[in-house]
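What follows is a set of notes on a single structure, which appears directly below.
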Amino acid sequence: MSMNLKSLIGSAIKNRRKELKIAQADLQDYAEIGSTALSNLEQGKANISIDKLEKILEVLGLELVIKVKTKG
1 MSMNLKSLIG
11 SAIKNRRKEL
21 KIAQADLQDY
31 AEIGSTALSN
41 LEQGKANISI
51 DKLEKILEVL
61 GLELVIKVKT
71 KG
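Set out below in structure tokens:
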């Protein structure tokens, strides 16, 4: 079973944050997001705005890429 999109994004954010040794509290401040929202996001449980997601990705040096799904 594949990960759902929320879990995939949350996992990528959490892994990158840890790789950069950024505490959750610091990322919350930089991205202007609440502690519960960030925790839920990293667990794949949050619905956040695209604006907030964009801030988080910018802080972490990540980008979101969307491509056409291949059949098969």
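In this text, residue positions in the sequence shown follow UniProt numbering: the first is 1, and each later residue adds one.
The C-beta atom is built at its ideal place from N, Cα and C for all residues, glycine as well.
A quick note: this is a predicted structure, and the numbers were derived from the prediction, not measured.
Is it buried or exposed for residue 59, if we count other Cβ within 10 angstroms and need 16 for buried? Residue 59 should be labelled buried.
Could you name the residues of the same chain whose beta carbon sits closer than 8 angstroms to that of residue 35, not counting the 5 residues immediately before and after it, in chain order? 24, 25 and 28
- Query: Thinking C-beta only, is residue 31 closer than 7 angstroms to residue 40?
  - Reply: no
Do the CB positions of residue 62 and residue 16 come within less than 7 angstroms of each other? yes
Checklist line | Reduced DSSP category for residue 10 - H, G, I as helix; E, B as strand; rest coil | finding: It is helical.
In terms of residue numbering, what span does the alpha helix (DSSP H) encompassing residue 59 cover?
-> 50–60
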